[in-house]
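S.K.: Per the numbering used here, the sequence shown starts with residue 3, numbered consecutively. From the three backbone atoms N, C-alpha and C, an ideal C-beta is built for every residue, glycine too. Here the structure is a predicted model, which means the values were calculated and not measured. Handing you a structure now.
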Amino acid sequence: MRHMIMRLPGEKEAEFIYMTPFTPRGKDNLAAWMVARMDGANYGKLFVYRFPKQSLVYGPKQIANRINQDTEISRQITLWDQRGSEVIRGELLVIPIEESLIYVQPIYLRAEGGSIPELKRVVIAHENRVVMAETLDEGLNTLFGAGASRPAVPARDTAGAAAPVAGAPVVTVPVPPAPTTGRSAELLREAQQHYDRAIAAQRAGNWAEYGREIEQLGVAIRSLRSATPER
């Protein structure tokens, strides 16, 4: 179960929630999210948001396997291991963006005999693509650099999570070209800053701050997609 702050379908304001993913019995794909509301008069209310059965939405285990199977990522981790460093994989974050999901995982290194892990790389996955970069903005630039359209998660809400409606039609989200200047570059920097703060809050056990920064990260990425013109 994950703590976060996000805007639920039909709501105007973001709120503090617990969210946990569900996969079908014997399968690893993401079938639903269950949300427990934690604010004010809504405290304790539970909601389940189902993904349409006809669409494949990768679950956390499937994304972890795709990361492990990536040749470049595997080679780099093996190289760090051979040098005596301890490789620590952070929590895999599932972030709803408009009508799709991105998955983000920080990779830390702890030097032999050291005590404080250092953030070394960030792995980002979107549908069938996985990239590893030194920073989040660099990874987003690489991941969304192609100007092609990609199939999206066929359910939506105001925060980009799956809506509780079965059988929703499949939609296609155009992926913007690589943003490098102007407003897009500024949004990339904002996304990186919110990500860095979220990781720092996670390590400090400050889940309220962590949730706020993840929500703002989602806002920055949604703005990035809107600000970048299509080819």
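1. With DSSP collapsed to three states, give me the class of T73.
2. How many Å lie between E13 and N31 at the Cα?
3. Does the region 131-140 come within contact of the region 65-77, defined as at least 3 CB pairs closer than 8 Å?
4. Rounded to a whole number of angstroms, what is the C-alpha to C-alpha distance between S186 and T25?
5. Tell me whether P45 is buried or exposed, calling it buried when 16 or more other Cβ atoms sit within 10 Å of its Cβ.
6. Where does D139 land, buried or exposed, given buried means 16+ other C-beta within 10 angstroms?
7. Could you pull out every residue in the same chain whose Cβ sits closer than 7 Å to the Cβ of H196, ignoring the five residues on either side in sequence?
8. Quick one: any contact between the region 43-57 and the region 73-88, if contact means 3 or more CB pairs under 8 Å?
9. Comparing alpha-carbon positions, which option in P98, T80, V106, L81 lies nearest G92?
10. Nearest to G61 by alpha carbon, out of A34, P54, L10, V124?
11. Figure out for me which residue from K122, K29, T22 has the closest Cα to the Cα of K55.
12. Taking Q64 as the reference, give the member of A193, Q194, N143, A127 with the closest Cα.
13. Tell me the DSSP secondary structure of P62 in three-state form.
14. Once you ignore the five residues that flank D41 on each side, which residues in its own chain have a CB closer than 7 Å to its CB?
15. Looking at I90 and I97, is the spacing between their C-beta atoms short of 7 Å?
16. Classify I1 as helix, strand or coil using the three-state DSSP reduction.
17. Let me make sure I understand the geometry here. Which of R9, L10, R39, P11 has the alpha-carbon closest to that of Y20?
18. Is it right to say L142 is buried, meaning 16 or more other beta carbons lie within 10 angstroms of its own, or is it exposed?
19. Distance check for R27 and L190, CA to CA, integer angstroms please.
20. When burial is assigned at 16 or more other CB atoms within 10 Å of the CB, is R77 buried or exposed?
21. For Y110, which residues in the same chain have their Cβ closer than 8 Å to its Cβ, ignoring the five residues on either side in sequence?
22. Give every residue of the same chain whose Cβ lies closer than 8 Å to the Cβ of L94, excluding the five residues on either side of it in the sequence, and list them in chain order.
23. Pop quiz: I75 and V125 are said to be a contact at Cβ under 8 Å. What is the actual Cβ separation, rounded to whole angstroms?
M.R.: The relevant details are as follows:
1. helix
2. 27 Å
3. yes
4. 35 Å
5. Here the sequence assigns Tyr to residue 45, which means Pro is not the residue at that position. By the neighbour-count rule (16 or more Cβ atoms within 10 Å), Y45 is not buried but exposed.
6. buried
7. E215, Q218, L219, A222
8. no
9. V106
10. A34
11. K29
12. A127
13. helix
14. E17, F18
15. no
16. Only positions 3 to 233 of the chain appear in this structure, which leaves residue 1 out of reach.
17. R39
18. buried
19. 38 Å
20. exposed
21. V89, I90, R91, G92, P119, E120, L121, K122
22. P62, I65, A66, Y105, V106, Q107
23. 7 Å
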